[in-house]
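For the sequence shown, this note's numbering begins at 10 and goes up steadily by one.
Don't be surprised by glycine CBs; every beta carbon is placed ideally from N, CA and C.
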Amino acid sequence: MTGALWRNWGRSEKIRPARVERPKDAAAVQRAVIAAAERGLHVKPVGAGHSFSGVAVAPGVQLDLHELSGVVAVDEASARVTLGAGTNLYRLPDLLAPYGLALENMGDIDRQTIAGATSTGTHGTGGRFGGLATQIVGATLVTGDGSLLSVNETENAELLPAVRLGLGALGVLVDLTIQCVPAFLLHAVERSEPLGEVLDAYLERSANEDHFEFYWFPHTETAVTKTNTRLPADAERHPRPRFGSWVDDELIANGAYRAICALGSVVPAMVPPVNRLAARLMGNGDFTDVSPRVFVSDRAVRFREMEYALPREAVPNALREVDSLIRSRGWRISFPVEVRSAAADDNWMSTAYGRDTGYVAVHRYYREDPAEYFAAVEAIMRSHDGRPHWGKMHTRTADDLRPAYPRFDDFVAVRDRLDPAGVFENRYLRAVLGPVRVPSDSAG
Ligand SMILES: Cc1cc2nc3c(=O)[nH]c(=O)nc-3n(C[C@H](O)[C@H](O)[C@H](O)COP(=O)(O)OP(=O)(O)OC[C@H]3O[C@@H](n4cnc5c(N)ncnc54)[C@H](O)[C@@H]3O)c2cc1C
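What follows is the structure, encoded as structure tokens:
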């Protein structure tokens, strides 16, 4: 069927695909890829549309894989679970509960699909823990000529570091196998602390705490820290009071913050006092709950985001430079800057490839133009050897990304092998990876 207008969550991208298909199994995905290639159309699977970048934009055939969801297989002895690629992360607690399993680490939200999240390098925080892609031990995908390819430790194992985080460039994932861990609880502590002290202690706390992160509201000297400590599943639970956490439940998630952002976009002078009030009021949570309920929050206020991965030791100075930048330009930035961390990993296109990493994420309310702020912050992040999150806004291209990724050319070689006709290309992938060969619907 011809597609309706598709828009991503952040309202930074939109497209009306030539066709939308909803395959029910791997064979239907194969047929869709072969038929599209014969007609010279590009194919792009789309997950939950939560990428801010153009990575999921599908001008040709948009594949909606939500029919390919749920548990495909479980190996209880090794704690490995194979899921349909279109499975939304919010379904995992229920799907994994019968086996007493959980994801080792998670990002801020759970609306994404497992395929979309791993394909862009979605991560949470934890200096000793990797992003979602590090938990993937196997995948089945349909490649550019419509054939089915298994990639795991015994079949085509050399492709795993590419396929786990493939940017949607290598094929259509139909299932993914995750290395899970026994279910666990997290003890969460949220505090308001002086920004200077938090920056001074960032490296130590990132390395020593299980999951440490902080939010800094521009125009304030205060950071709201979140420290999550892993506990066994049979530890005592003290769930978060229903309206207990101002930063997540009240401020970020609900309508009050939407109203504040809307007000700030028409009366910018309101932003600094509101941010100071917010930073003073929030940050006194203390609760213990099952891991997904602590890792994940709602994000009901729409925003746009750019996030850079830096060598972890560069984060404190980079943030000080962002602070000076905002002061010197006189901007009024309502949304907090979020700082997280991840362990070095070996996925070729991972923002944490080969180095312990700190993440700095900047946001703007979706009705405000982020271009000037993001461009200036991007310049700071580039000066610290930063790598942009593939699913978030940035302006980098293949020429300047290649030196940032030691295995960039290996990844492109795999892409050229699995998709020699460029069936899975779109404008974003051509920019960040360079073109394969452009089929006839070059609008992509
Ligand atoms: C409110 C919000 C909060 C966020 N929080 C975090 C966070 O905490 N940490 C973080 O790292 N990121 C975060 N993100 C970014 C988000 O996790 C990524 O952009 C992720 O890719 C979105 O997943 P999705 O299912 O929406 O995929 P989409 O955005 O729909 O697609 C992303 C990519 O995956 C590809 N893809 C999807 N399905 C398949 C498939 N079956 N086979 C092959 N390729 C496929 C698409 O073609 C595209 O290239 C957040 C985004 C939002 C909007």
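| Item | Value |
| --- | --- |
| Lysine 235: beta carbon under 7 Å from a heavy atom of ligand 1? | no |
| Between tryptophan 15 and ligand 1, is the CB less than 7 Å from at least one heavy atom? | no |
| One question on the structure: do asparagine 161 and threonine 122 come within less than 8 Å of each other, judged by their Cβ atoms? | no |
| Does the distance from the C-beta atom of serine 215 to that of leucine 176 stay below 8 Å? | no |
| When DSSP builds the beta bridges, which residues end up paired with glycine 93? | Asp184 |
| Return yes when the C-beta of threonine 122 is under 7 Å from any heavy atom of ligand 1, and no when it is not. | yes |
| Would you say lysine 401 touches ligand 1, meaning its beta carbon is less than 7 Å from a heavy atom? | yes |
| Ligand 1 and leucine 169: does the residue's C-beta get closer than 7 Å to at least one heavy atom of that ligand? | no |
| Any chance the segment 222-230 sits against the segment 346-365, with 3 or more Cβ pairs inside 8 Å? | yes |
| Given the structure, does leucine 74 come close to ligand 1, in the sense that its CB is under 7 Å from one of the ligand's heavy atoms? | yes |
| Report the residue from Gly139, Gly180, Ala142 whose alpha carbon sits nearest the alpha carbon of serine 159. | Gly180 |
| Alpha carbon to alpha carbon, what distance is there between proline 107 and serine 87? | 15 Å |
| Using DSSP's beta-bridge definition, name the partner residues of lysine 235. | Glu199, Glu222 |
| Is it buried or exposed for arginine 396, if we count other Cβ within 10 angstroms and need 16 for buried? | buried |
| What is the rounded straight-line gap between the Cα of alanine 271 and the Cα of aspartate 119? | 25 Å |
| Enumerate, from N- to C-terminal direction, the unbroken alpha helix (DSSP H) stretches of 4 or more residues contained entirely within the segment 73-152. | 101-105, 123-128 |
| Just mark asparagine 217 as buried or exposed, buried being the case when its beta carbon has 16 or more other beta carbons within 10 Å. | exposed |
| Taking Cβ positions, are valine 386 and valine 324 nearer each other than 8 Å? | no |
| Is the beta carbon of valine 441 closer than 8 Å to that of aspartate 425? | no |
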